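In the working numbering, the protein residues as written are 13 to 298.
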């Protein structure tokens, strides 16, 4: 029932205009809450999960933009050392599974361009509840119990721009920049148990590799593939023209490999967002 990006590395001293993830979250909020082309049903709340070091100034601005702010504590494990320093807090993303007041949540990374409505993802057949399998080979004594049922749906990582569209639906390695799930305290405790087991998964991409282990395709809780058009990683104009609806890339940075058309659309959305909120703030006397 919620779109949920994360901003988790901000500080009071940060220049808002230099914080790409904050800007990306504002653009995403605008696209999902107010855009004529990509907006969602008004009954679907937009949640921004923040750790406590995100400045109050930024949290307040996101509230004004229409987001519901959820403050969470970080998750850490001594043996989990990410490949990139800025990924040090991404394990906090797992706290989404504690939000059991929601039946379904769509998680969307802040670095996502949305060009068409995503409401239908909640009705994708892959988001039906699944019975957890009981293959004894995948039941480990040192891991917490798995839930009896679960729902975790996403798509594979394409590992580069040179991918077909429609993409291969039989990929094994999931990308966790866009996924739908049902929150579960039992499932969250299972994830926590994995963090206590050094070497159980590759910590280079902390939360992504933990989820790949927990929901491996040959395990007892395999992830289910969403319709390929809901989201594309390593996106290109070809994907957009093929009908894809959202695109995972940091269009605020200077990476020359980004597709120029998609970057231009994101910049247009950013300008549209700034104008929309500026006008609304004036009208409301803020």
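Positions of the beta carbon are idealized from the N, C-alpha and C atoms, including for glycine.
No experiment lies behind these values; they were computed from the predicted model shown.
Are the stretch 269–287 and the stretch 143–163 touching by the rule of at least three beta carbon pairs closer than 8 Å? With a cut-off of 8 Å, the stretch 143–163 and the stretch 269–287 do not count as touching, because too few Cβ pairs lie within range.
Could you check whether residue 257 and residue 129 sit closer than 9 Å to each other, using their CB atoms as the reference points? With contacts defined by Cβ atoms closer than 9 Å, residue 129 and residue 257 form a contacting pair.
Three-state secondary structure (DSSP) at residue 20? Low per-residue confidence applies at residue 20: pLDDT is 48, beneath 50, and the placement is therefore not dependable, though the value from the model is reported in the following sentence. Coil.
Take residue 41 and list the residues in its own chain whose beta-carbon comes closer than 7 Å to its own, dropping the five residues that flank it on each side. For residue 41, same chain residues with a beta-carbon under 7 Å away, outside a window of 5 residues either side, are 58, 74, 77, 78, 79 in chain order.
Would you kindly check if the distance between the Cβ of residue 61 and the Cβ of residue 108 is under 9 Å? Result yes, Cβ atoms of residue 108 and residue 61 sit closer than 9 Å.
May I ask you to list the residues that DSSP assigns as paired with residue 237? Residue 237 pairs with 166.
Whole-angstrom distance between residue 213 and residue 288, CA atom to CA atom: Taking the straight line joining both Cα atoms gives about 44 Å.
What are the boundary residues of the beta strand (DSSP E) that residue 117 is part of? Taken as a continuous stretch (DSSP letters only), the beta strand (DSSP E) holding residue 117 covers 117–120.
Figure out for me which residue from 102, 291, 32 has the closest Cα to the Cα of residue 188. That would be 102, whose Cα lies nearest to the Cα of residue 188.
Comparing alpha-carbon positions, which option in 163, 278, 51 lies nearest residue 32? Nearest to residue 32 by alpha-carbon distance, out of 163, 278, 51, is 278.
Would you check if the distance between the CB atom of residue 217 and the CB atom of residue 104 is smaller than 9 Å? With respect to residue 104, residue 217 sits apart: the two C-beta atoms are not nearer than 9 Å.
What is the rounded straight-line gap between the Cα of residue 43 and the Cα of residue 55? Cα to Cα, residue 43 sits roughly 15 Å from residue 55.
Pick helix, strand or coil for residue 83, following the three-state DSSP scheme. Residue 83: strand per DSSP, three-state reduction.
Measure the alpha-carbon distance for residue 143 versus residue 183 and round it to whole angstroms. Using only the alpha carbons, I get a separation of about 21 Å.
Kindly give me the distance between the Cβ atoms of residue 163 and residue 139, rounded to whole angstroms, as I take these residues to be in contact under 8 Å. Indeed, because the Cβ distance is near 6 Å, the residues count as touching under 8 Å.
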